[in-house]
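One structure below.
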Amino acid sequence: MALISMTVNGVQVSQEVDDSTLLIEFLREKLKLTGTHMGCDTTQCGCCVVHIDGVSAKSCTVLVGQAAGRSVTTIEGLAKGGELHPLQKAFREHHALQCGFCTPGQIMAGAELIATYPGELNEHVVREEMEGNLCRCTGYHNIVRAILAAGAEIRGTKITDPTLASHSVEG
Amino acid sequence: MYPFTYHRPKTIAEAQQAFSEGMDATFLSGGHTLLPTLKQRLAAPSDLIDVTGIPEMQGIEEAGGFLKIGAATTHDTVFASPIVRRLIPALSGLAGSIGDRHVRHRGTIGGSTANNDPSADYPSAVLGLGATVITDRREMASDDFFVGLYETAREPGEIVTRIDFPVPDIACYAKFRSPASRYSIVAVFVSKTGSAVRVAVTGAGASGVFRLPEFEEALSADFRPEAIAHLTVDPDMLLSDMSATAEYRADLIRVMARRAVEKPGQIQSFK
Amino acid sequence: MEPKPKFKAVGQPLRRKEDERLITGRGQFTDDFSLPGQVYAVMVRSPHPHATILGIDPAPALEMPGVLGVFTGDDLAADNWGQLPHNPVPSTKYDVKLTGRGGTPVYIGEHYLLPRDRVRHVGEAVAMVVAETRQQAQTAAEMVMVDYDPLPWVADTQAAAEPDAPRLWDALPDNVLVDSIFGDIENTDAAFAKAKHVVDMHYHLGRVTGVPLEPRASLGHYDPQTDRYTLYAGSGGAVRQKHEHAAVMGVNPDQVRVISFDVGGNFGTRNRAFVEFGLVMYGSKKLGRPVKFRADRSEAFLTDYQGRDLVVDISLAIDENGKFLALRSKNLSNVGSRCVSLSPLSKGSGLITGSYDIPYATLHSRAVYSNTMSTQAYRSSGRPEVCFAIERLIDKAARQLGYDRVDLRRRNLVSPEQMPYTNAVGSEYDSGEYEKNMDRLLELGDFVGAPARKAEAIKRGKLYGIGFSNYVESSIGSPKERADLIIRPNGVEVIIGTQPAGQGHETSFAQVTADLLGVTFDQVTITLGDTDVVTAGGGTHSGRSMRHASAVISLAVTDMIAKGRAIAAEALNVDGGQVEYEDGVFRTNATNRTIDWFELSRLAASLSPDHAGGLKVRRDNEMHTPVFPNGSAMCEIEIDPETGSLEIMRYTTVDDVGRCINPMIVHGQTHGGIAQGVGQALWEACVIDPETGQPLAAAFTEYGMPRFDNMPSFLCEIAEVLSPTNPLGVKAGGEGGTTPAPAVMISALEDALLEYGPPDVAMPFTPLKIWSEIQKGKAIAATKQQGAA
């Protein structure tokens, strides 16, 4: 057991936990932040992605001790001052979620990608950089569009390919 | 996971002490191989010693003709480093091709090298560049360091602290990834320094990473793809599993080696 | 007849009501619930594919720290807990009638929550350990000593059907539980006898699993004060779960409350009860604490209900003009170790002739038990299998007989004039414009531009293939549905017994309700998933939900209008006959006064205490008639001939979904459906080691999935040919993406690999498999060359 302190979504938290506690267990079970999801045991699915000091990480493969003293942001803390993050809005606008289980991980991954990727975001980059997040519902088509749309909004760029600008091609 | 005690030493001496005090201690770096293993309850160490808080194990520098990378440096840091990009762009590219971006944010060069997973990328660069592995007690040539599947010449408690890469004239890397695991089923790292060429293969060997002397000889004489076009690889010593048979791996080694040499200075990832 | 509603919300891509909670982390998935004092269950699972259980010793586990109990099949039997009542034989009027040999009833193997006699597949739970923490339960589970006597086993579908195969059930002489023949044998035989050409094929469409990203979970709580059980468990229909678990426990269904709010993916594989759902309630009753279970991903791979697994022998008789004369098919379905559902076999059986006018057909449908996890209706249950059969066979016929593959299809498609069309095994296709779909697809996918793209790909050293498939599928499903329609002064609520797992029912049902009532979309909320609120309902499967919901909501609205008219008359102090209703407003010629639904609800409350909680209508509907969504799909691929690597360059579909309530949602369904069908063709497989019977795909590192970087963007178009079978003309939109996808992909692969000879069609076509086919083709070519020299 150890007393673990960290900042979660801007709030300082301290709890006595077992050393073998994973960050995701700490978030879900101790802090009741159940938006971060456990989808696999092998660091493959990405449902558990959070930001640690602004950097994306799969929280099922981080010990709570490894995150001690850091600043963790979860899906519950992404909206600022009651205003949804542009990517949250884009997910809704572009129908980038269906069941919603992988969605928190997708949004956290996408938000970090938009914030940190040094080059231009295009379909190829998004597909390559997001490969660590699985979705079983959407076939990824609309998630790609949501990330590109929010990326353009945040970075002040334009999406030139019309097939990438709308959520789907209407007949 | 089975219960264990977590330690986060600030110095190598503290790490050594924690190791000697633990019943069955093990070192933790990025944890992206170790923690999944523990979650599947395939190992039960008494103590996990996290080495990522030790300052001297961090950082990238150029010194004395070497590119020196602290063992606890993450894949993402290696990938993004301007020094690495300038000196050995293929190594930067290799780091940027490991796992996915979240994994690259956590996994480290030392962890990957010390674990010697047969499908990990880094061992091929360490061996393919003839790097020196620095530990808390000695220096080892890469040819002596990798011993077998998940096995290295490390002694119990020995900590890999840094890896020194000699800067080659040119290096290149080509890999083919499993459609399921996304690990390499074959990856070939080629480097050329003067007339010396090293060709190292990961993902495929039944005993882990290995070199291809025939390919090295041919490329030493003539560093062009045509020089190795006629060579084949014996499938006998290769892994065989659901995603790739030994014969497939053997053929892919040939193809990846050629493709690597076709684009010197670059990294190519196929899937 | 009420006047036809004006569609304002219906047909619009309205953004979903579900999304706000899901994008902010406020979803309510099963594992998100916790109850005070809850403890954790872990299953002890069989390492053997088949073994007699000689004994189970819980003593060492019981001594472990934190352990509260270890429970076995004997404990459940001592408490008279019974079997899961699976009811696997589809039973609407329109389902084909599957029987055992000689018309005997289908033998359903027993399915207790924990077995007492034998284990019949790797991963079968044999005991439950409950402890204070999950970690303690996991450690203790390793200490439960199970004494097994391994038995001979069989996993392969064809091998399981052999007369001397190891038997799973003593009550059956072999493993064959269904053996039925359909169609017109005499005329089929005659047509084959006179046919100019006969083309045949044998294939096995392998085993896959649904892989919902939310691992299945359950949280059970027994309250001795009320003698009631509460189960939190995501599924495809809480009402069904309630009744099935009540049957297991031998209690009145009213004593069971099932809560299933957000469900993290289903695709059919969650539509049957899992043993762990009952077990957590048992544990809670025995221990007096809420008990929680969550499957690891490896447990999900091994013990979620799985899908597909059909062996087909099919032959087609064709005349000299390329007209199809008759079809023969033998279909063998692997149900796994317990018969949970025969829907895959049944659904496919009714559609063996596909989109084509084939006058005669015979079908021999069989199902076998095997030492594998049970199969269930997985996305588009049964239809991708038979679509694959007919479409691959047509491609083969075109190649063999020298027809253009599109032309050969065109000669045989069912025409709109033939609708409603009864196919050779008795399925009545309701409506559709099959040729128009095909032509639109070819246009949309720029079929005429394909040769230029091929030339360009070849120039880059790639192999290029274009694949094509038509499809027709059926949507039947549980025939009954109920809607409670409640109009309160501040809004409309519809309570309904479907269970979405991402399909957006809260949105599309609100669109329908809004238009039918003449209110706005924002004024309607849909309530689902808590059996204390939702009293009846058929759940979500077989593409039934939109159709059943729109039908029962239509009827409820009609009832509500009648009810409203009477109340409006009372309020306006006129005769009922003098009240007119249009588009959400009641009025009378006698005054200028109008009353909308919300005012009416207020007035009603003042008129009678019966209306205090709002205007309420409960409507049940029973609808058996199936609908037949249909369409066409094509894709283009490039293959790296040196490595076997494959890239999908284009994927185009045209899908007739009947009336499209929300095109944004329907497109999303198509995209996800395509990915699952493509996944089966290229990567996914529940592989079992033929030597040991051990499943080899128990993690995402072993089971290849569709990912961001191996899927293309799609070009999808919706065709709306309204179905005459239901009030809004709805067909279904959830499964059309999947149905033709394996056929399309393999069609493209065959096309790309033509120069290497027709490939063995066993899926998945991983790079290894493609490389192997290329090597095989090269070796054959080399041998031929040698022979020629």
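Line order of the protein sequences matches chains A, B and C. If you count by this note's numbering, then the first sequence holds residues 969 to 1139, one letter each, in order. If you count by this note's numbering, then the second sequence holds residues 9 to 279, one letter each, in order. If you count by this note's numbering, then the third sequence holds residues 7 to 795, one letter each, in order. Built from N, CA and C at the ideal position, the CB exists for glycine as well.
So residue i and residue j are in contact, right, with Cβ under 8 Å, and what is the actual spacing, rounded?
| i | j | result |
| --- | --- | --- |
| residue 308 of chain C | residue 704 of chain C | 6 Å |
| residue 58 of chain B | residue 36 of chain B | 5 Å |
| residue 274 of chain C | residue 383 of chain C | 4 Å |
| residue 180 of chain B | residue 268 of chain B | 4 Å |
| residue 292 of chain C | residue 75 of chain C | 6 Å |
| residue 566 of chain C | residue 514 of chain C | Not really, about 20 Å apart at Cβ, beyond 8 Å. |
| residue 264 of chain B | residue 195 of chain B | 7 Å |
| residue 2 of chain C | residue 1013 of chain A | Examination of residue 2 of chain C is not possible in this model, given that chain C is present from 7 through 795 alone. |
For residue i, which beta-bridge partners are listed by DSSP?
| i | result |
| --- | --- |
| residue 208 of chain C | C:319 |
| residue 473 of chain C | C:641 |
| residue 592 of chain C | C:587, C:601 |
| residue 180 of chain B | B:198 |
| residue 1026 of chain A | A:1017 |
| residue 76 of chain B | B:69, B:172 |
| residue 162 of chain C | Its beta-bridge partners do not exist; DSSP assigns none. |
| residue 147 of chain B | B:142 |
Which word fits residue i, buried or exposed, when buried means at least 16 other C-beta atoms lie within 10 angstroms of its C-beta?
| i | result |
| --- | --- |
| residue 424 of chain C | exposed |
| residue 785 of chain C | exposed |
| residue 979 of chain A | exposed |
| residue 696 of chain C | exposed |
| residue 1208 of chain A | No answer is possible for residue 1208 of chain A: the residues shown for chain A start at 969 and end at 1139. |
| residue 1136 of chain A | Low local confidence applies: a pLDDT of 49 at residue 1136 of chain A is under 50, so the model's placement there is unreliable, with the coordinate-based value given in what follows. It is buried - the Cβ of residue 1136 of chain A has at least 16 other Cβ atoms within 10 Å. |
| residue 240 of chain B | exposed |
| residue 245 of chain B | exposed |
| residue 242 of chain C | buried |
| residue 464 of chain C | exposed |
| residue 60 of chain C | exposed |
| residue 50 of chain B | exposed |
| residue 197 of chain C | buried |
| residue 3 of chain B | Given a span of 9 to 279 for chain B in the structure shown, any question on residue 3 of chain B remains unanswerable. |
| residue 44 of chain B | buried |
| residue 1075 of chain A | buried |
| residue 429 of chain C | buried |
| residue 996 of chain A | buried |
| residue 1006 of chain A | buried |
| residue 31 of chain B | exposed |
Within 7 Å of chain C by C-beta, residues of the segment 178-210 of chain B in sequence order: 184, 187, 188, 189
Flag this pair as touching only if the segment 735-748 of chain C and the segment 625-641 of chain C have three or more C-beta atom pairs under 8 Å; answer yes or no. yes
Does the pairing of the segment 608-624 of chain C with the segment 340-352 of chain C give three or more beta-carbon distances under 8 Å? no
What residues in the segment 764-786 of chain C have a beta carbon less than 9 Å from any beta carbon of chain B? 770, 772, 773, 774, 777, 778, 781
Would you check if there are 3 or more beta carbon pairs closer than 8 Å linking the segment 723-736 of chain C to the segment 751-766 of chain C? no
Of the residues that make up the segment 219-246 of chain B, which ones have a beta carbon closer than 8 Å to any beta carbon in chain C? none
Would you list, in chain order, the members of the segment 1003-1033 of chain A that have their beta-carbon closer than 8 Å to a beta-carbon of chain C? 1003, 1004, 1005, 1006, 1007, 1008, 1009, 1010, 1012, 1013, 1015
Would you check if there are 3 or more beta carbon pairs closer than 8 Å linking the segment 257-277 of chain B to the segment 88-105 of chain B? yes
Does the structure place the segment 125-144 of chain B close enough to the segment 159-168 of chain B that three or more beta carbon pairs sit under 8 Å? yes
Inspect the CB distances between the segment 297-316 of chain C and the segment 172-191 of chain C and report whether three or more fall short of 8 Å. no
I'd like to know if the segment 308-318 of chain C and the segment 210-228 of chain C are in contact, where contact means that at least 3 CB-CB pairs between them fall below 8 Å. yes
Given 8 Å, three or more beta-carbon pairs between the segment 110-130 of chain C and the segment 39-56 of chain C: yes
Cβ pair count under 8 Å reaching 3, the segment 499-507 of chain C against the segment 448-467 of chain C: no
Give a yes or no on contact between the segment 266-273 of chain C and the segment 249-257 of chain C, applying the rule of three or more CB pairs nearer than 8 Å. no
Near-chain A residues of the segment 100-123 of chain B (beta-carbon distance less than 8 Å), N- to C-terminal order: 107, 108, 109, 110, 111, 113, 114
For the structure I just gave you, are there three or more beta carbon pairs, one from the segment 248-258 of chain B and one from the segment 227-238 of chain B, closer than 8 Å? no
Selection of the segment 1074-1092 of chain A by Cβ proximity to chain C, strictly under 8 Å: 1075, 1091
Okay, do the segment 138-148 of chain C and the segment 214-226 of chain C touch, 3+ Cβ pairs below 8 Å being the bar? no
Count the CB pairs spanning the segment 19-34 of chain B and the segment 71-79 of chain B that are closer than 8 Å, and state whether there are at least three. no
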